[in-house]
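Peer 1:
Chains as they are written, first to last, in our numbering: chain A, 1 to 130; chain B, 131 to 231.
#1: Can you check DSSP and say which residues form a bridge with residue 172 of chain B?
#2: Determine the chain A residues that contact residue 172 of chain B at a beta-carbon separation under 8 Å, and present them in chain order.
#3: What in chain A is Cβ-close to residue 205 of chain B, meaning under 9 Å?
#4: For residue 131 of chain B, which residues of its own chain have a beta-carbon under 6 Å away from its beta-carbon, when the five flanking residues on both sides are left out?
#5: Measure the alpha-carbon distance for residue 212 of chain B versus residue 19 of chain A and round it to whole angstroms.
#6: What first and last residue would you give for the alpha helix (DSSP H) that runs through residue 209 of chain B?
#7: Quick one, are the C-beta atoms of residue 141 of chain B and residue 9 of chain A less than 9 Å apart?
#8: Taking all protein chains shown into account, do 16 or more other C-beta atoms lie within 10 angstroms of the C-beta of residue 161 of chain B, making it buried, or fewer, making it exposed?
#9: Skipping 5 residues on each side, what residues in its chain have a beta carbon closer than 6 Å to that of residue 202 of chain A?
#10: Mind checking if residue 111 of chain A is an interface residue toward chain B, Cβ cutoff 9 Å exclusive?
#11: Verify the CB distance criterion: does residue 212 of chain B have a CB-CB separation below 9 Å to chain A?
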């Protein structure tokens, strides 16, 4: 029988790499779905700032979420990757999707457009989220 | 809030004290062991207690052990009720759980 996968040791807080071996973010949370009379289904990996901060202090996570909604409401939803896309875990977590097709780089792109590009020398490379 | 519907977040359960039916704390939830079930992954087992924490931190091979009584348990998915993530409860007796050596 295949050895079970320890979710806390081998998945939570690990770096996620996409199919192109680009960094997607860290696994800040794991979404579980309760089912009547059956074990919890491992639904998705979640990567976003409020989830990470909520683990430090619940109110801090809520505050970061409200700030995100104020700054860019369309970017406020977390990045979720269905657990079925995980192909390998351990030191890092490899997924078989292209992160550019997700909202994983939404905040990077927003920051670049709103601030970095407006600085002297800010235009140029760093097209990860494009 | 980021949560949708009836979903539970693993990070909300992690470190929660598990109590038996008499209300006695038996240890904290330290690990969630997932297995593939068809096309999905499910949480098949929970590791509870300080021994499980050592296992999770991958330091047990260094020979670190807790002296004295049993300090860790492995529970099947149906032996822990996590429907209230803040108050996980055993659904069986403690002596029915597998002991972590």
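Ideal Cβ placement from N, Cα and C applies to all residues, glycine included.
Peer 2: In brief:
#1: Along the second chain, one-based indexing puts residue 172 of chain B at 42. Residue 172 of chain B is bridged to A/41, B/165.
#2: In the second chain, the residue the question calls residue 172 of chain B occupies position 42. What residue 172 of chain B touches in chain A: 38, 39, 40, 41, 42.
#3: In the second chain, counting from the first residue as 1, residue 205 of chain B sits at position 75. Correct list: empty, because the minimum Cβ distance to chain A is about 12 Å.
#4: As a first step, residue 131 of chain B is located in the second chain; it is residue number 1 there, counting from the start. The predicted position of residue 131 of chain B is uncertain, since its pLDDT is 43 and thus under 50; a value taken from the coordinates is nonetheless stated next. The answer is none, since no qualifying residue turns up.
#5: Your numbering for residue 212 of chain B matches position 82 in the second chain. Your numbering for residue 19 of chain A matches position 19 in the first chain. Cα-Cα distance, rounded: 34 Å.
#6: Position 79 of the second chain, counted from the first residue, corresponds to residue 209 of chain B. Element bounds for residue 209 of chain B: n/a, residue is neither H nor E.
#7: For the purposes of this step, residue 141 of chain B is identified with residue 11 of the second chain, where counting begins at 1. For the purposes of this step, residue 9 of chain A is identified with residue 9 of the first chain, where counting begins at 1. No, Cβ-Cβ distance for residue 141 of chain B and residue 9 of chain A is not below 9 Å.
#8: Along the second chain, read from residue 1 onward, the residue named residue 161 of chain B stands at position 31. Its Cβ being crowded by 16 or more others within 10 Å, residue 161 of chain B is buried.
#9: No information on residue 202 of chain A is available, as it lies outside the stretch 1 to 130 that chain A covers here.
#10: In the first chain, counting from the first residue as 1, residue 111 of chain A sits at position 111. With 9 Å as the cut-off, residue 111 of chain A does not count as an interface residue toward chain B.
#11: For the purposes of this step, residue 212 of chain B is identified with residue 82 of the second chain, where counting begins at 1. It does; some Cβ of chain A falls within 9 Å.
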